[in-house]
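End of the sequence shown sits at 678 in my numbering; the numbers just go up one at a time, nothing left out. Reviewing the structure listed below.
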Amino acid sequence: MKQEELQAIASQLKHPTGEKGIEMANMMHETNINMTRHSIQNLHITAGNTILELGHGNAGHVEFIFEQADNLKYYGLEMSELMFQEARQINRNFVSQKQAFFSLYDGNIIPFSDHSFDKIFTVNTIYFWQEPEKLLSEIYRVLQPKGIFCITFAEESFMKQLPFTQFEFELYSTEKAKKLIENTTFKIINTETLTEKVKSKTGELVDRAFTTLVLEK
């Protein structure tokens, strides 16, 4: 693939737009569903929780969240206008019942007041954080005391084999992610790395290692 094509893939993954963006979002949803579920399961959602997700993509997994417990409220933040629209469309029932709420944000400032959420999670967004420590302190701010935050990401060892990650991606190993967290007020209460088989762009099955860091305020 040419450099321009690789760059185009990288920027679609970071910020999906146009028809290609919808295709990319569907593909991301399918490829990442195990990672997303792993992140959600590590939140240990209980009845009445208010949950925030950063960078939900097309949010085809929101139904799975509502299966975890009764009486939940889900808030999704996204930088891509297209994903915001797609997520609202896919989850229109939850939106109309005022169970799911989607908003756009700039990727830095979380537009909610202090202690708004019991649980927060994000899957495959850490590579694109512009100011990681600032964003983490924003997440800390909007989380309830003793609230849980899960960060799930594919390991650097896997990601660096993908040719497009040289553009726009900041790759993380578990060690590097933990070092980042150590500069914040979060406590790491659990770290789990799993390996799964995923289809590569060329259609063959490859092993992907991914990690969920479970943090507590």
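Don't be surprised by glycine CBs; every beta carbon is placed ideally from N, CA and C. Since the model is a prediction, treat every value here as computed from it, not as a measurement.
- Taking the C-beta atoms as reference points, Thr613 is found nearer than 7 Å to Thr673.
- For Leu641, the CB contacts under 6 Å within the same chain, skipping 5 residues up- and downstream, are Pro593 in chain order.
- Using a Cβ distance threshold of 7 Å, Val556 and Ser577 do not count as a contacting pair.
- Between the beta-carbon of Met544 and that of Gly518 there is about 5 Å, and that keeps the pair under the 8 Å contact cut.
- With a threshold of 16 other beta carbon atoms within 10 Å, Glu480 falls short and is exposed.
- Looking at the backbone, the Cα of His499 and that of Leu513 are separated by about 16 Å.
- Three or more pairs of CB atoms, one per stretch, sit closer than 8 Å, so the stretch 584-599 contacts the stretch 487-507.
- Straight through space, the alpha carbons of Lys580 and Gln605 are spaced by roughly 8 Å.
- Taking C-alpha positions only, Gln468 is separated from Met488 by approximately 18 Å.
- Here Asp668 has Thr656, Lys658 as same chain residues with Cβ atoms under 7 Å from its own Cβ, once five neighbours each way along the sequence are excluded.
- Its Cα nearest to that of Glu539, the residue Gly516 stands out among Gly516, Glu524, Asn532, Asn554.
- The three-state secondary structure of Pro593, taken from DSSP, is helix.
- In the DSSP assignment, Phe614 falls within the unbroken beta strand (DSSP E) covering 604-615.
- Under the three-state reduction of DSSP, Glu528 is assigned to coil, being neither helix nor strand.
- Distance check between Asp531 and each of Gly537, Tyr601, Thr507, Ser661 places Thr507 closest, using alpha-carbon atoms only.
- Comparing alpha-carbon positions, the option among Leu623, Phe562, Asn554, Thr645 lying closest to Gln464 turns out to be Leu623.
- The beta carbons of Phe527 and Leu533 sit closer together than 7 Å.
- If you check the CB distance, Ile650 and Glu677 come in under 7 Å.
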